[in-house]
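A.B. asks: Letter by letter, the sequence shown follows residues -24 to -1, 1 to 836 of mature numbering (1 follows the signal peptide of the UniProt record, and there is no 0).
Glycine is no exception: its CB is placed at the ideal position from the N, C-alpha and C atoms.
Here the structure is a predicted model, which is why all the values come from computation and not from measurement.
Shown below is the structure under consideration.
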Amino acid sequence: MAIPLVVTVLLALASTITPRTTSAAFVPRDNYLIDCGSETGTTLPDGRTFKSDPQANTYLQANDQNKVSIENGNNNPDLPNQLYSSARIFMQEAKYSFHLIQPGYHWVRLYFYPIKNNIFDLQKATFSVNAYKYVLLHSFNVNNNDKPILKEYLINANEPIFTLSFTPLKNSAAFINAIEIVSVPDNLLFDSGSNLFPVGDYSGLTNHAFQPVYRINNGGPLVTATNDTLGRNWENDEPYITVKNAAMSVVVPTNIIKYPTNNPNISPLIAPPTVYASATEMTNDSAVDQPNFNITWKFDVDTSFSYLVRLHFCDIVSKGLNELYFNVYINEKTAIPTLDLSSITQALATPYYRDFVVNATLMSQEGLKIQVGASLARGGSGNAIVNGIEILKISNSLDSLDGQFGLVGSNGGGSSYRGAVAGVGFAMMFGAFVGLGAMVIKWHKRPQDWQKRNSFSSWLLPVHAGDSTFMSKNASGKSNFSATMGLGRFFSLAELQEATNNFDKANIIGVGGFGNVYSGVIEDATQVAVKRGNPQSEQGINEFQTEIQMLSKLRHRHLVSLIGYCDENDEMILVYEYMPNGHFRDHLYGKNMVGPPLSWKQRLEICIGAARGLHYLHTGTAQGIIHRDVKTTNILLDENFTAKVSDFGLSKDAPMGQGHVSTAVKGSFGYLDPEYFRRQQLTEKSDVYSFGVVLLEALCARPAINPQLPREQVNLADWAMQWKRKGLLDKIIDPNLVGTINPESLKKYAEAAEKCLADHGVDRPSMGDVLWNLEYALQLQEAFTQEGKAEDETPAVAASASSPASAPASAVLPPAAPASSNALDEAVPVPEGNNLPAETRAIDDHSGTLQFARFSLNGR
């Protein structure tokens, strides 16, 4: 029978819990405690005294004097303490300003409880809270929650005045029950932590603010602020364990915990003895029939943010040293291999902790997973433990802890902020009037059968430009739908069900975060690719909207074309041209490889086509577009092997008047620009970096990342550039190309790839420059072929940097500089016949859009 996760010695533990008032003393220099709305103030059981509202008036700047309270609040079983019994209500922006004695990190704790009153229904109050330069809450609402809410933050404040502002939104109100602004010990948080990917140390934590979202006492009871050394709450871990019978609790008296005397940075202030005196360990339950199972904790988090994960360890399960060896994983990546606590602490029952930075690129839709499992490498006990888990959200590049909303100006909430909001509001209002006018015009031109149509947007919404029944005939007499009129044709759900045989699984040709892609046949046997959104996928909704926004303004011979769409009955479906030769990668390597190996000339032509498409994205519209997910599976091939760039679900408009877009890092494992990952600043040069990896894939015919290879070969970009710097790149090219490449063509191609992969975006060429170099490499190859050394004729000399070229570079004139992507020869009519793009062929683990950082071979 499975052993449940329980606390086995609660009675013994209760006698050993150390109250906060008698534990290791820490006296904060800044200690602002305010009981908002209270006339008398409040003293909590732990001895902390919160000032009354009149005493706090010196800190407050507000035009409102709205105070509410509930009688006998501390008798209400739903309220943990008296702090929730009173509140201040603000109908206009209000600010608390505090003079700080000690710069550095401070706790900011905000208490919310929607007290019923005659001033404003606080259940409906919507407001934002900003502190110092950070957005703490944006459009916050208790959301019909009648339970007390405590929001806790850790903010590094280095200015003498700390400002906390409350701003009502939407003709609403703001409120607050209590506030804490309290110094924390200097050694509570340091500037660096272990970075999972790229491997190494992450520095710069002190440039961020944090929000603790989980604080777990593994295997032990709830630890309240009264019993903690810094006023924190620690909850039990049982609700977060995915397989309950894989774990069990162990608890020992707190008086056996020995903090290391040689390391003052590990003290009761980091975590109280109660946390280290309990642990979750691996079960000995026979019901767990897997010999090498892991204990897994799963936490729901906002996956658009990065997180600091602090794991607490203390060996309270071993009888002697060097018995316990185990592995630690975070989001299925190795965080600590074969952790040996004995070698670190040199004693049992001695606390130890590690900090890990989990970038947003490592987050999955499942949230954050932490696992431990026994390591049998050294003949250990076959056990693994965790004593405590802390998970802190890290502020993003906009200095926000609640969405992509930043402040203007260092103080936050000032006139510049209000001016920016007003400007945005005016622009939105103007856009709304324009949109409304367009809808009125459409209403007067509504089709006669509008009442029979199920989709409002099929004829009325401005996003759909053109008559949904517009059709033309191609040369073969087949129907061809106009792609030059906005989003083209509106398809009914019934039409697409018929086209795909009711979305038969046998017709699936691709799978992605958005949903499945099906092959289909519409009128006159025209084949199409039908991408059907998964309604359960939040990523899919975002991609659907982005794809529509981008494709509505793109038209180029080297970009896939949108035939139409369907938004009927909550369906999100996009219909594209079908590309019979699938994606580029399937013609280079992999389990789905089709056809004979591509020649070097064919590979060059495909890369040139893709480069033209990307060059158009960057320069062909007034603002420019950054693709953000360039890879071989997003380069599709028609029946003539003409390349077309696809999948704009992650694309972003290029910035107007500045060099980058500040955004959460997203992309695909192995292709991600390392500078974008480090700085979270997206530029057109991020696409250039990814395209450099594509060039190496085309040359070497291997994945961008192959974890099955030796460590130094896992990352294609790092590995190939090592050989390039040695002048031996020809040693790792696709064996099918050996002896067929003009050495000068290879040299020019390799130079282009190397420049694309420069560490800093400013050192990378534009896509126009890359295109020029690739066209030059093609001319060199064609001249080589014309000399009688073509790929399919007599064997040529090996493509080596030391091999003499049959045609010197001077014999071939370089191509003219790339013309503007708006040139007339780039504007093409709607493809005819079967020249219709598929979204993608089969996608495996290496081709799906994954939010991962670039894996560095050098430990950077």
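In its own chain, which residues sit with a C-beta less than 6 angstroms from the C-beta of His184, not counting the 5 before and 5 after it?
C.D. replies: So the list reads Ile370 and Ser371, once near-sequence residues are dropped.
A.B. asks: Could you check where the beta strand (DSSP E) with Tyr108 kicks off and where it finishes?
C.D. replies: First-last for Tyr108: undefined, no H or E at that position.
A.B. asks: Would DSSP call Phe142 helix, strand or coil?
C.D. replies: Strand at Phe142.
A.B. asks: Reducing DSSP to helix, strand and coil, say where Met548 ends up.
C.D. replies: In this structure, Met548 counts as coil in the three-state DSSP scheme.
A.B. asks: Return the chain-ordered list of same chain residues with a C-beta closer than 8 angstroms to the C-beta of Ile137, the five sequence neighbours on each side being excluded.
C.D. replies: Closer than 8 angstroms at the Cβ level, and outside the excluded window around Ile137, lie Ser73, Phe74, His75 and Leu76.
A.B. asks: What's the call for Ser739, buried or exposed, on a 16-neighbour Cβ count within 10 Å?
C.D. replies: Sequence inspection shows Asp at residue 739; the Ser mentioned does not correspond to that position. Exposed, because fewer than 16 other Cβ atoms sit within 10 Å of the Cβ of Asp739.
A.B. asks: Thr256 and Val362 look like a contact to me (Cβ under 8 angstroms); what is the Cβ gap, rounded to whole Å?
C.D. replies: Going by Cβ atoms, the distance from Thr256 to Val362 rounds to 6 angstroms, so yes, they are a contact pair.
A.B. asks: For the alpha helix (DSSP H) that Lys577 lies in, which residues bound it at each end?
C.D. replies: That run of the alpha helix (DSSP H) goes Trp576 to Thr595.
A.B. asks: Going by beta-carbon coordinates alone, are Lys628 and His534 separated by less than 9 angstroms?
C.D. replies: Not a contact, by the Cβ cut-off of 9 angstroms.
A.B. asks: Is it buried or exposed, Arg508, if we count other Cβ atoms within 10 angstroms and call 16 or more buried?
C.D. replies: It is buried - the Cβ of Arg508 has at least 16 other Cβ atoms within 10 Å.
A.B. asks: For the 8 angstroms Cβ check, are there 3 or more pairs between the segment 318 to 333 and the segment 284 to 298?
C.D. replies: Contact between the segment 318 to 333 and the segment 284 to 298 is present, because at least three Cβ pairs lie under 8 angstroms.
A.B. asks: Going by C-alpha to C-alpha distance, which of Val251, Pro556 and Gln341 sits closest to Asn616?
C.D. replies: Selected option, being the one with the closest Cα: Pro556.
A.B. asks: Since I believe Ile131 is in contact with Ala107 (beta carbons under 8 angstroms), could you give me their beta-carbon distance rounded to a whole number of angstroms?
C.D. replies: About 6 angstroms separates the two Cβ atoms, so the contact holds.
A.B. asks: Is it the case that the Cβ atoms of Ser161 and Leu98 are separated by a distance below 9 angstroms?
C.D. replies: Residue 161 is actually Pro in this sequence, not Ser. No, the pair does not count as a contact, with Cβ atoms beyond the cut-off.
A.B. asks: Would you kindly check if the distance between the Cβ of Pro144 and the Cβ of Met67 is under 9 angstroms?
C.D. replies: Yes. Within cutoff.
A.B. asks: Relative to the alpha-carbon of Asp543, which residue among Pro572, Leu469 and His603 has its alpha-carbon at the smallest distance?
C.D. replies: The option with the nearest alpha carbon to Asp543 is Leu469.
A.B. asks: Suppose the cutoff is 7 angstroms on Cβ atoms and the five residues either side in sequence are ignored; what does the same chain contact list for Pro56 look like?
C.D. replies: Around Pro56: Pro124.
A.B. asks: With a threshold of 7 angstroms on Cβ separation, who are the neighbours of Asn477 within its own chain once the five nearest residues in sequence on each side are excluded?
C.D. replies: These residues qualify, in order along the chain: Asn483.
A.B. asks: When you compare each of Ser179, Gln656 and Ile157 to Asp167 by their alpha carbons, which one comes out closest?
C.D. replies: Asp167 has its Cα closest to that of Ser179, out of Ser179, Gln656 and Ile157.
A.B. asks: Could you name each continuous beta strand (DSSP E) segment of 3 residues or more that falls completely within the segment 45 to 86, going from the start of the chain to the end?
C.D. replies: Listed in chain order, the complete beta strand (DSSP E) runs (minimum 3 residues) inside the segment 45 to 86 are 62 to 66 and 70 to 75.
A.B. asks: Under 9 angstroms, do Arg64 and Lys92 count as touching if we go by C-beta distance?
C.D. replies: Not a contact, by the Cβ cut-off of 9 angstroms.
A.B. asks: Check the C-beta distance from Leu472 over to Leu112 and give it rounded, since I have them as a contact under 8 angstroms.
C.D. replies: With a Cβ gap of about 45 angstroms, Leu472 and Leu112 do not count as contacting.
A.B. asks: Cα-Cα, which of Ser495, Pro188, Ala311 and Ile320 is closest to Asn238?
C.D. replies: Looking at the Cα atoms, Ile320 is the closest of the given residues.
A.B. asks: Going by DSSP in three states, Val251 sits in which element: helix, strand or coil?
C.D. replies: In the structure shown, Val251 sits in a helix (DSSP, three-state: H, G or I).
A.B. asks: Would you kindly report the start and end of the unbroken alpha helix (DSSP H) that includes Asp6?
C.D. replies: Here Asp6 belongs to no alpha helix (DSSP H), and DSSP marks it neither H nor E.
A.B. asks: Please name the residue, chosen from Asn39, Gly343 and Ile717, that lies closest to Thr580 on a Cα-to-Cα basis.
C.D. replies: The sequence shown places Leu at residue 580, not Thr. Nearest of Asn39, Gly343 and Ile717 to Leu580, Cα basis: Ile717.
A.B. asks: Determine the direct distance from the alpha carbon of Pro244 to that of Leu20, and round the result to whole angstroms.
C.D. replies: For Leu20 and Pro244, the distance between alpha carbons rounds to 21 angstroms.
A.B. asks: If we call anything under 9 angstroms between Cβ atoms a contact, is Ile271 one with Val219?
C.D. replies: Taking 9 angstroms as the Cβ cut-off, Ile271 and Val219 qualify as a contacting pair.
A.B. asks: Mapping DSSP to helix, strand and coil, what is Val670?
C.D. replies: The answer is helix: DSSP assigns Val670 an H, G or I state.
A.B. asks: Counting along the chain, where does the beta strand (DSSP E) carrying Thr314 start and finish?
C.D. replies: First-last of the beta strand (DSSP E) with Thr314: Lys309 to Leu315.
A.B. asks: Check for me: the beta strand (DSSP E) holding Lys724 runs from which residue to which?
C.D. replies: Premise fails: Lys724 lies in the alpha helix (DSSP H), Pro719 to Cys732, not in any beta strand (DSSP E).
A.B. asks: When DSSP labels each residue in this structure, what does Ser376 get in the three-state scheme?
C.D. replies: The answer is strand: DSSP assigns Ser376 an E or B state.
A.B. asks: Return helix, strand or coil for Leu564, following the three-state DSSP convention.
C.D. replies: Of the three classes helix, strand and coil, the one that applies to Leu564 here is coil, per DSSP.
A.B. asks: Run the CB neighbour count on Leu165, radius 10 Å, all protein chains shown included, and call it buried at 16 or more, exposed below.
C.D. replies: It is buried - the Cβ of Leu165 has at least 16 other Cβ atoms within 10 Å.
A.B. asks: Got a sec: is the Cβ-Cβ distance from Pro686 to anything in chain B below 9 angstroms?
C.D. replies: The question asks about chain B, but that chain is absent: this structure has only one protein chain.
A.B. asks: Give the secondary structure of Phe624 by DSSP, where H, G and I count as helix, E and B as strand, and everything else as coil.
C.D. replies: Coil.
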